[in-house]
Amino acid sequence: MAKKHFERDWSTLAPELLNVIAKSLSEISDFVRFRAVCKTWRFSTPTTDLPPEFPWILGTHNSEQHRLFYSVTTRKIYTILDPKYLGKRFLSSSQGYILCDLTDQDPSCHNADKFSLLNPLNNHEILLPAWDLDLYYHASIGAWQGKIGENVVCCKCLERRGHNYKLAFCCLGQDKWCERDLDYDGYFRCFLLKSLVFMVEAGTGVTKVIDLFTGTLAYVIPPVEKYMQSMARKHFLEKFYYHVEVSGDNLLVILRCVPSDCYSDVWFDVYKLDLGGSNSPCWVKVNNIGNQALFIDKHGCFPLEAGDFANVKANCIYCADFFDSEIVMIDIETGDGEFLECPSIKIECWFVPNLQRLQVQ
C-alpha cells in the first residue's frame, strides 16, 4: 500500500520556536533568508534580533549601480544591485549606514553638496539638509548617537574663498547644517567623540578638545613625547591618528602601515587620556584594552566587544585599506600581526551590517 504524503504547513510553526531558531543563526545572510520565507516567519523575527556579526568590508564595483560587501568570517562576497547607488560617492560608514555624496546625481548642484545616509541592507535612506554653507566638503570625522536619541553627522570642510578649515554638522531631523570655526589655519586631523571634537595639530602634536555645539575649548592635551620630534607636516602625514572611546576611556591610536611583506613595517601605539585631576591632561601608553577590539580604516576607528561577536579577538586592532586588498590583525600587547584572507577588491571601509532603521527625531 502506498504511503500517504503529508505536506506540512511551515508557516504555522509557533512564533516562540521561530524566535529560538532565528537567534541560533550566526550570519545576517541566513537571517534575511529566514525572514523571507513567509510573513509569519518575518513577523516572528524582528530586526532587533539580528545576530551580531563580524564587520564586513565595503568594496567598490565596476558598475556604479553595484556595491560589494565581503564577509571576513564566511569569506563570501555579497553583491547588491540598486539604482540608488548610481552617481553616489560613498564617504564613510557608521551604525550600519553609509554617508553618501549625491552631488553627481544632480547636475544643477555645481557649487553645493548634497548628502544622505543610506543603509544598503534595508534600502533605508535619510536625506540630510540642503548644504547652504560656503564650504567644500573635505572628510567625514564621525557620527554620534546622543543620549536622547539624536544622531549627529560631522564633516571637516574647507572655505570656498579662503584656506581655513571648519567643521560642519547637522542633527538628523533638523533642517540645516551648522558650522564651527576651529580658529586654526594649519593642517590637522580630527575625530568626533560624542559631542567633543579632538583636533591633532600638525607641527605641534597638540590635541585641542572642542565642544561641537558650543564651540568652547574644553581642554588642551600636550603631544606624546615620543612623537614631538616628528610632527612636521611631512612626518605627520605618514601617520594615522585616531581618537576612539573604549569602555568609557578616550584612546589615542597612532598607526603607520607601510606596504610590505614584513610585519615590522606596521607599527602603532595606543594611549589613554588621563585628565590628571588638578594636573594637566596627558596621554598614558597602554598595551591592553580588555575585551575590546578596534576596527580601523582610513576614515575612522570604532570598538567592538569581542565577547559579543564570533571570531573577534580581544585586545587586537583590525586594519583595513592600508595595504592593497589586505586586512591585518595586530595584537596590541605583543605587536604580532596576521594577514586575514581577503579577495582582490578595492577596500573602502569597514561596515557593520544592520537591518534596523535610524530614528529621526
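In terms of the working numbering, the sequence shown opens at residue 7 and continues consecutively. Ideal Cβ placement from N, Cα and C applies to all residues, glycine included. These numbers come from a predicted model, not from an experiment.
Which of helix, strand or coil does DSSP assign to residue i?
i	result
tryptophan 289	strand
proline 309	strand
tryptophan 47	helix
serine 32	coil
arginine 41	helix
glutamate 354	strand
serine 201	coil
aspartate 303	coil
tryptophan 137	coil
leucine 23	helix
proline 113	Here proline 113 scores only 47 on pLDDT, less than 50, and its place in the model should not be relied on; the value that follows carries that caveat. Correct three-state label for proline 113: coil.
aspartate 275	strand
lysine 90	helix
cysteine 177	strand
threonine 66	coil
aspartate 280	strand
Could you tell me which residues DSSP puts in a beta bridge with residue i?
i	result
histidine 130	Asn125
phenylalanine 345	Val334
histidine 249	Leu258
aspartate 187	Lys172
arginine 95	Asp107
asparagine 208	The sequence as given places alanine at residue 208; asparagine does not occur at that position. Paired residues: none, contrary to the question.
arginine 73	Ile86
isoleucine 227	Thr213
arginine 195	Val206
According to the neighbour-count rule (16 or more other Cβ atoms, all chains shown, within 10 Å of its Cβ), is residue i buried or exposed?
i	result
glutamine 365	exposed
alanine 316	exposed
phenylalanine 204	buried
lysine 162	buried
asparagine 256	buried
serine 253	exposed
arginine 81	exposed
alanine 174	buried
glycine 343	buried
leucine 250	With the sequence shown as reference, residue 250 is identified as valine, and leucine is not the correct amino acid for it. Valine 250 should be labelled buried.
valine 215	buried
lysine 172	buried
Please list, in chain order, all residues of the same chain as residue i whose beta carbon is under 6 Å from its beta carbon, the five residues on each side excluded.
i	result
aspartate 337	Cys322
phenylalanine 308	Phe301
cysteine 325	Ile302, Val334
leucine 198	Ile147, Gly148, Trp150, Cys160
serine 100	Ala149
aspartate 138	none
Which residues in the same chain have their Cβ closer than 7 Å to the Cβ of residue i, if we skip the five residues on either side of it in sequence?
i	result
aspartate 217	Ser201, Leu202, Ala224
aspartate 15	none
histidine 130	Arg363
serine 122	Cys106, Leu108, Glu131, Ile132, Leu133, Leu134
aspartate 318	Reading off the sequence, residue 318 comes out as valine, not aspartate. Closer than 7 Å at Cβ, skipping near neighbours: Phe60, Ala299, Leu310, Ala312.
serine 114	Only weak support exists for where serine 114 lies, its pLDDT of 48 falling under 50; the value from the coordinates is given anyway. Counting only Cβ-Cβ distances below 7 Å, and skipping sequence neighbours, we find nothing.
Counting only the same chain and skipping the five closest in sequence on each side, list residues whose C-beta sits under 8 Å from that of residue i.
i	result
phenylalanine 40	Ile27, Ala28, Leu31, Trp47, Thr51
cysteine 44	Trp16, Ser17
cysteine 176	Leu134, Pro135, Val158, Val159, Lys182, Trp183, Cys184
glutamate 339	Asn293, Asn294, Asn321
tryptophan 273	Leu261, Arg262, Gly341
isoleucine 104	Leu64, Phe96, Leu97, Ser98, Leu123, Leu124, Asn125, Pro126, Phe357
lysine 153	In this predicted model, lysine 153 has a pLDDT of only 46, less than 50, meaning its place in the structure is not dependable; the value taken from the coordinates is given anyway. There are no such residues.
Write down the C-beta distance between residue i and residue j rounded to the nearest angstrom, noting that I regard them as a contact closer than 8 Å.
i	j	result
serine 35	tyrosine 84	7 Å
isoleucine 353	proline 287	About 35 Å separates the two Cβ atoms, so there is no contact after all.
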